[in-house]
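Take a look at the structure set out below.
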Amino acid sequence: MLAEYCAVQDAYVYQIRVYSGSGYTAYSPAAAPNCVYAPKGSTVGVVVAVRSTGTVYPVLHYGYGNWWWPVNDILAKPIGTHNGYTLYEANITLPDSGVRYVFKIYHTGGIYWVNVGGGNGQICAS
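With UniProt numbering applied, the sequence shown corresponds to residues 1 to 126, in that order.
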């Protein structure tokens, strides 16, 4: 039996969601040194849009502040579709230092890296 071949065709960071008691507010992602601001301690969702064949595994790879330390990985979960792309969301609790991030999407060919306009995505604590 042949294993399923899974390939990423295209992917981009779609949205930053800042959650509050009444739902969330959506923002376009920003690359460092620019920021999406969110209250420290709030729940923030980072949403990546992926067009692929087969099953792929997007992982939010993020670090604290400017120094990327410590570094954490969170598997994003599928939440829906948009224009032929599957949307996956990873949720974090925003630390005082804020975070910088990229996505690592695991597929048959290895890892497909996704950044924000050529740079690290950044979410700052307010």
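Backbone N, C-alpha and C define an ideal beta-carbon position, used for all residues, glycine too.
Straight-line CA distance for residue i to residue j?
i, j, result
"Cys6", "Gly110", "10 angstroms"
"Pro78", "Arg17", "15 angstroms"
"Ser126", "Asn115", "23 angstroms"
"Pro33", "Gln122", "7 angstroms"
"Val102", "Tyr12", "10 angstroms"
"Thr43", "Thr53", "31 angstroms"
"Lys104", "Gly23", "27 angstroms"
"His61", "Trp68", "10 angstroms"
Let me confirm a value: residue i is counted as buried when at least 16 other C-beta atoms fall within 10 Å, else exposed. Which label applies?
i, result
"Ala30", "buried"
"Pro58", "buried"
"Gly45", "buried"
"Asn83", "exposed"
"Val71", "exposed"
"Ala26", "exposed"
Does the Cβ-Cβ distance between residue i and residue j come in under 9 angstroms?
i, j, result
"Tyr19", "Asn66", "no"
"Leu75", "Lys40", "no"
"Arg51", "Tyr14", "no"
"Val99", "Tyr64", "yes"
Exercise for the section: Go through the stretch 40 to 92 residue by residue and report every complete run of the beta strand (DSSP E) that reaches 3 residues or more, in order. Expected result: Counting only unbroken stretches of 3 or more residues, the beta strand (DSSP E) elements lying wholly within the stretch 40 to 92 are 43 to 53, 57 to 64, 71 to 75 and 77 to 82, in sequence order.
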